[in-house]
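**Q**
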Amino acid sequence: MAILFHCPWDNAAAWLAALEHDLPHDEFRTLSDLTGSGGDVAEIDFAFVWKLPHGVLATLPNLKGIASLGAGVDALLSDPDLPAGVPITRLVDPLMKDRMAEYVTATVLHHHLGLDVYDRQGATQQWQRNRTTDASDRTVALFGLGQMGERCAKRLRALGFDLVGWSRSAKEISGVHCLHGPDGFEEALAAAEIAVLLLPLTADTEGLMNAAAFAAMPPGSYVINCSRGEVVVNEDLIAALDNGDPNSRHPNDGHLAGATLDAFAVEPLAPDSPLWAHPNIRITPHIAALSAAATAAPILAAQVHRARNGEPMHDVVDVAGGY
Ligand code: NDP
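According to the numbering used here, the sequence shown is numbered sequentially starting from 1.
(1) Return the residue from the list ALA294, VAL266, ALA259 that minimises the CA-CA distance to ARG282.
(2) So which of LEU256, ASN280, PRO285, PRO279 has the shortest CA-CA distance to SER270?
(3) Please state the DSSP three-state secondary structure of ARG157.
(4) Checking 8 Å against the spacing of the C-beta atoms, do ILE44 and LEU23 come in under that value?
(5) Going by DSSP, what residue range makes up the beta strand (DSSP E) through HIS286?
(6) Please say whether LEU197 and VAL176 have beta carbons closer to each other than 8 Å?
(7) Beta-carbon within less than 6 Å of ARG155's beta-carbon, same chain only, minus the 5 sequence neighbours each way: which residues are those?
(8) Pick helix, strand or coil for GLU311, following the three-state DSSP scheme.
(9) Can you tell me whether GLY254 is buried or exposed, with buried defined as 16 or more other CB within 10 angstroms of its CB?
(10) Should LEU69 be listed as close to the ligand NDP, given that the test is whether its C-beta is under 7 Å from any heavy atom?
(11) Considering Cα atoms alone, identify which of LEU95, LEU199, ARG131, ARG99 is closest to PRO298.
(12) From this set, ALA135, SER174, THR139, which residue's C-alpha is nearest GLY160's C-alpha?
(13) Any heavy atom of the ligand NDP closer than 7 Å to the Cβ of HIS286?
(14) Verify the contact flag: PRO200, CB atom, against every heavy atom of the ligand NDP, threshold strictly below 7 Å.
(15) Cα-Cα, which of LEU113, TYR118, PHE214 is closest to THR133?
(16) Can you tell me where the beta strand (DSSP E) holding ALA2 begins and where it ends?
(17) Any heavy atom of the ligand NDP closer than 7 Å to the Cβ of GLN147?
(18) State buried or exposed for GLU235, treating a residue as buried only when at least 16 other CB atoms are found within 10 Å of its CB.
(19) Using the Cα positions of ALA294 and GLU187, report the straight-line distance between them to the nearest angstrom.
(20) Per DSSP, which residues does ARG29 bridge with? Please list them.
(21) Helix, strand or coil for THR133, going by three-state DSSP, please let me know.
(22) So, at 7 Å on beta carbons, what are the nonlocal neighbours of GLY229 in its own chain, with the 5 sequence-adjacent residues on each side left out?
(23) Please state whether DSSP places TRP15 in a helix, a strand or coil.
(24) Report yes if the CB atom of LEU6 is closer than 8 Å to the CB atom of TRP50, and no otherwise.
(25) Restricting to Cα atoms, I'd like to know which of ASP119, ALA12, VAL86 is closest to VAL130.
(26) So, at 6 Å on beta carbons, what are the nonlocal neighbours of MET217 in its own chain, with the 5 sequence-adjacent residues on each side left out?
(27) Which value, in whole angstroms, describes the spacing of the CA atoms of SER221 and ALA257?
(28) Following the continuous beta strand (DSSP E) through SER256, name the residue where it begins and the one where it ends.
(29) Quick check on DSSP: helix, strand or coil for THR124?
(30) Determine the direct distance from the alpha carbon of ASN243 to that of LEU16, and round the result to whole angstroms.
(31) When the Cα atoms are used, what is the spatial distance from HIS278 to VAL56?
(32) Where do the N-terminal and C-terminal ends of the beta strand (DSSP E) with ALA177 fall, by residue?
(33) Check whether the Cβ of MET100 sits closer than 7 Å to any heavy atom of the ligand NDP, and report yes or no.
(34) Does any heavy atom of the ligand NDP sit closer than 7 Å to the C-beta of TYR222?
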């Protein structure tokens, strides 16, 4: 049997070694094998992919399954020539949930404790104690209560934060005031002193965090984007950081206090992006929850075995829903 392997990351060799270890009887083929004389495409029954060029999957006649090498599937689902009826899975790896939860708790605490403000004060040797807020008096709103959102909720709850969550369907999570659907969005925004974005990129979430959404958040609040860059309208974010309420006690302050962004519509983020230069925005290069070859390989191998044994695969994506 053969598997198409397409991984544009700089540690692709380590991924391949881990997969070959867990699927020792498979031959792994790359894009160059498909275009060259690297074997019969009819032998390929599975694909492990990340950012595969559009149209390639449609050239594989015997696919039983397609697995994303990451948790997000927006790039994969944007292929207009996806083979119909072939199940697509996203990567659900407990290690990645822990990585995301660490990133989110660290970033929430950074803003909650005002460390971003002290970083700026330190640049001008300003010794000034700012007002403190206790975790129980700070509402963190998780937009997206899937595998990542739930794990983050658990960690943030342990730290004592007041939690609100928002999802597409109704949910019940202990210690989280769960809201859902368009009706719940306004209430979640109104409560969001720190908004953590853990949504997939879909037709419904693209541009969701725009000027109206930021205006609906409390003054002095923060945005943490761990989902996809397209969910946030950057110009609106910068405007909300720069422009406050002229009637407030601090008319020179922006409506939003700060943002941490981990995902961007175009990556790497262009050197001339105004996001880099903004003093209240912290940028991380899409590292919130990197996929890990060592833990992902056995998960992916199990998916292949399920598909070949005619069993349903786990974590299958709803193609029509977009995630
Ligand atoms: P899941 O599919 O497990 O969860 C997605 C959540 O978003 C669900 O709660 C879902 O609601 C909710 N949702 C989807 N569409 C809407 C909508 N229109 N309105 C309200 N809620 C909506 O995804 P994951 O938790 O695995 O990952 C979330 C995203 O995080 C990924 O798609 C990816 O873009 C990003 N990601 C980023 C990483 C990074 O390093 N920066 C790493 C990994 C993932 P419901 O529960 O009702 O279905």
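C-beta atoms are modelled at their ideal positions from N, C-alpha and C, and glycine is treated no differently. Values in this document were obtained by computation on a predicted structure and should not be read as measured data.
**A** From the atom records:
(1) Indexing the sequence shown from 1 puts residue 282 at position 282. Nearest option by C-alpha distance: ALA259.
(2) Within the sequence shown, the letter at position 270 stands for residue 270. Sequence inspection shows Ala at residue 270; the Ser mentioned does not correspond to that position. Closest option to ALA270, Cα to Cα, is PRO285.
(3) Residue numbering aside, residue 157 sits at position 157 when the sequence shown is read from its first letter. ARG157: helix per DSSP, three-state reduction.
(4) In the sequence shown, residue 44 corresponds to position 44, counting from 1. In the sequence shown, residue 23 corresponds to position 23, counting from 1. Against a cut-off of 8 Å, the Cβ pair of LEU23 and ILE44 comes out as no contact.
(5) As a working mapping, residue 286 is identified with position 286 in the sequence shown. Where HIS286 is concerned, there is no enclosing beta strand (DSSP E), given that its DSSP letter is neither H nor E.
(6) Here the question's residue 176 lines up with position 176 in the sequence shown. Here the question's residue 197 lines up with position 197 in the sequence shown. No, the Cβ-Cβ distance between VAL176 and LEU197 is not below 8 Å.
(7) Here residue 155 refers to the residue found at position 155 when the sequence shown is read from its first residue. Around ARG155: ALA101, THR105.
(8) Mapped onto the sequence shown, residue 311 falls at position 311. Residue state, collapsed to three classes: coil.
(9) As a working mapping, residue 254 is identified with position 254 in the sequence shown. GLY254 comes out buried.
(10) Indexing the sequence shown from 1 puts residue 69 at position 69. It does not: the Cβ of LEU69 is nowhere closer than 7 Å to a heavy atom of the ligand NDP.
(11) Here the question's residue 298 lines up with position 298 in the sequence shown. For PRO298, the nearest C-alpha among the options comes from LEU95.
(12) Along the sequence shown, one-based indexing puts residue 160 at 160. It is ALA135.
(13) One-based indexing of the sequence shown puts residue 286 at position 286. Indeed, a heavy atom of the ligand NDP lies less than 7 Å from the Cβ.
(14) Position 200 of the sequence shown, counting from 1, holds the residue named residue 200. Yes, since a heavy atom of the ligand NDP falls inside the 7 Å radius drawn around the Cβ of PRO200.
(15) If you number the sequence shown from 1, residue 133 lands on position 133. Measuring from the Cα of THR133, the nearest candidate turns out to be LEU113.
(16) If you number the sequence shown from 1, residue 2 lands on position 2. Unbroken beta strand (DSSP E) run through ALA2: 2-6.
(17) For this step, residue 147 is matched to residue 147 along the sequence shown. Indeed, a heavy atom of the ligand NDP lies less than 7 Å from the Cβ.
(18) Locating residue 235 in the sequence shown gives position 235, counting from the first residue. Classification for GLU235: exposed.
(19) Translated into the one-based positions of the sequence shown, residue 294 becomes position 294. Translated into the one-based positions of the sequence shown, residue 187 becomes position 187. Going by the C-alpha atoms only, they are around 41 Å apart.
(20) As a position in the sequence shown, residue 29 is number 29, starting the count at 1. According to DSSP, ARG29 bridges with LEU4.
(21) For this step, residue 133 is matched to residue 133 along the sequence shown. The answer is coil: DSSP assigns THR133 none of H, G, I, E or B.
(22) Here residue 229 is taken as the residue at index 229 of the sequence shown, counted from 1. Excluding sequence neighbours, GLY229 sits near ALA263, PHE264, ALA265.
(23) As a working note, residue 15 is residue 15 in the sequence shown. TRP15 falls in the helix class under three-state DSSP.
(24) The sequence position of residue 6 within the sequence shown is 6, counting from 1. The sequence position of residue 50 within the sequence shown is 50, counting from 1. As written in the sequence, residue 6 is His, which differs from the Leu given in the question. Closer than 8 Å, so yes.
(25) Position 130 of the sequence shown, counted from the first residue, corresponds to residue 130. The sequence shown places Asn at residue 130, rather than the Val named in the question. That would be ASP119, whose Cα lies nearest to the Cα of ASN130.
(26) For this step, residue 217 is matched to residue 217 along the sequence shown. Around MET217: LEU189, ALA192.
(27) Position 221 of the sequence shown, counted from the first residue, corresponds to residue 221. Position 257 of the sequence shown, counted from the first residue, corresponds to residue 257. Cα to Cα, the separation comes out at about 5 Å.
(28) Translated into positions along the sequence shown, residue 256 becomes position 256. Here residue 256 turns out to be Leu, not Ser, going by the sequence shown. Counting along the chain, the beta strand (DSSP E) containing LEU256 begins and ends at 256-261.
(29) Position 124 of the sequence shown, counted from the start, is the residue given in the question as residue 124. Correct three-state label for THR124: coil.
(30) The residue you call residue 16 lines up with position 16 of the sequence shown. The residue you call residue 243 lines up with position 243 of the sequence shown. Each residue's alpha carbon lies about 49 Å from the other.
(31) The count along the sequence shown starts at 1 and reaches residue 278 at position 278. The count along the sequence shown starts at 1 and reaches residue 56 at position 56. Taking the straight line from one Cα to the other gives about 40 Å.
(32) Stepping through the sequence shown from its first residue, residue 177 is reached at position 177. Per the sequence shown, the amino acid found at residue 177 is His instead of Ala. For HIS177, the enclosing beta strand (DSSP E) stretches over residues 176-180.
(33) For the purposes of this step, residue 100 is taken as residue 100 along the sequence shown, with counting starting at 1. Yes, the beta carbon of MET100 sits closer than 7 Å to at least one heavy atom of the ligand NDP.
(34) Counting from one through the sequence shown, the residue named residue 222 turns up at place 222. Checking the Cβ of TYR222 against the ligand NDP gives no.
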